[in-house]
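Participant: Structure provided below as structure tokens; questions to follow.
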Amino acid sequence: MNETARIVIVGAGHAGGAAAALLRQHGHTGPITLIGEEPWVPYQRPPLSKAYLKDEADAEALKLRPDAFYAEQDIALRLSTRAEAIDRNARRSGCKAAKRSHTTSWSWRRAPRTGS
Ligand SMILES: Cc1cc2nc3c(=O)[nH]c(=O)nc-3n(C[C@H](O)[C@H](O)[C@H](O)COP(=O)(O)OP(=O)(O)OC[C@H]3O[C@@H](n4cnc5c(N)ncnc54)[C@H](O)[C@@H]3O)c2cc1C
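Numbering (this note's numbering), first residue to last: 5 to 120.
Put into structure tokens, the structure is as follows:
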């Protein structure tokens, strides 16, 4: 692959975030856009049902990389954005603002504690 090619990654989860970071790490110099329908930078999901629920990790600690990483690495983030269509021949993607009620993944909300 041409290392100056424009790359658009749909899905700003663990895989998408890692792909963007690894491309830069391995010398890709072309523009990289990471599209995610959730409003957050890529974060680890497993602690959501473990340390996060037990108040042993806060939201910042769950992020795969700090917010500043993406600007430092020149990775354009398009969060709260859903890719609706990909036209591979025309090399275009169609996006629209994601509605929170339509997110297909885990909704990052801390459940209220009950009991002691
Ligand atoms: C509570 C919880 C606990 C877990 N615990 C474990 C564990 O202990 N061990 C383990 O191995 N795995 C665990 N998992 C699973 C693990 O987190 C997933 O395997 C992993 O998150 C997969 O990463 P991914 O990037 O491939 O996909 P996802 O995490 O699903 O990320 C995909 C992203 O793409 C976005 N997206 C999808 N379609 C579009 C679109 N059209 N446009 C824009 N954005 C889009 C989604 O909103 C999402 O943010 C857990 C998951 C959860 C939710």
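C-beta atoms are modelled at their ideal positions from N, C-alpha and C, and glycine is treated no differently.
Name the DSSP beta bridge partners of V45, please?
Facilitator: Working through the sequence shown from its first residue, we reach residue 45 at position 41. BP columns for V45 are empty, so no partner.
Participant: Please return the same chain residues whose Cβ sits closer than 6 Å to the Cβ of Q77, not counting the five positions on each side in sequence.
Facilitator: Counting from 1 along the sequence shown, the entry for residue 77 is found at position 73. Cβ neighbours of Q77 beyond the five flanking positions: R28.
Participant: Around the C-beta of L26, are 16 or more other C-beta atoms found within 10 angstroms, so that it is buried, or is it exposed?
Facilitator: Numbered from its first residue, the sequence shown carries residue 26 at position 22. Taking every protein chain shown into account, the CB of L26 has fewer than 16 other CB atoms within 10 angstroms, so this residue is exposed.
Participant: Evaluate I79 with the Cβ neighbour count: other Cβ atoms within 10 Å of its Cβ, from every protein chain shown; 16 or more gives buried, anything less gives exposed.
Facilitator: Residue numbering aside, residue 79 sits at position 75 when the sequence shown is read from its first letter. Counting Cβ neighbours within 10 Å, I79 comes out buried, since at least 16 surround it.
Participant: Under three-state DSSP, which class holds S53?
Facilitator: For this step, residue 53 is matched to residue 49 along the sequence shown. Three-state result, S53: helix.
Participant: Helix, strand or coil for L27, going by three-state DSSP, please let me know.
Facilitator: The residue given as residue 27 occupies position 23 in the sequence shown. L27: helix per DSSP, three-state reduction.
Participant: Is any heavy atom in ligand 1 found nearer than 7 Å to the beta carbon of A19?
Facilitator: Taking the first residue of the sequence shown as position 1, residue 19 is located at position 15. Flag set: Cβ of A19 near ligand 1.
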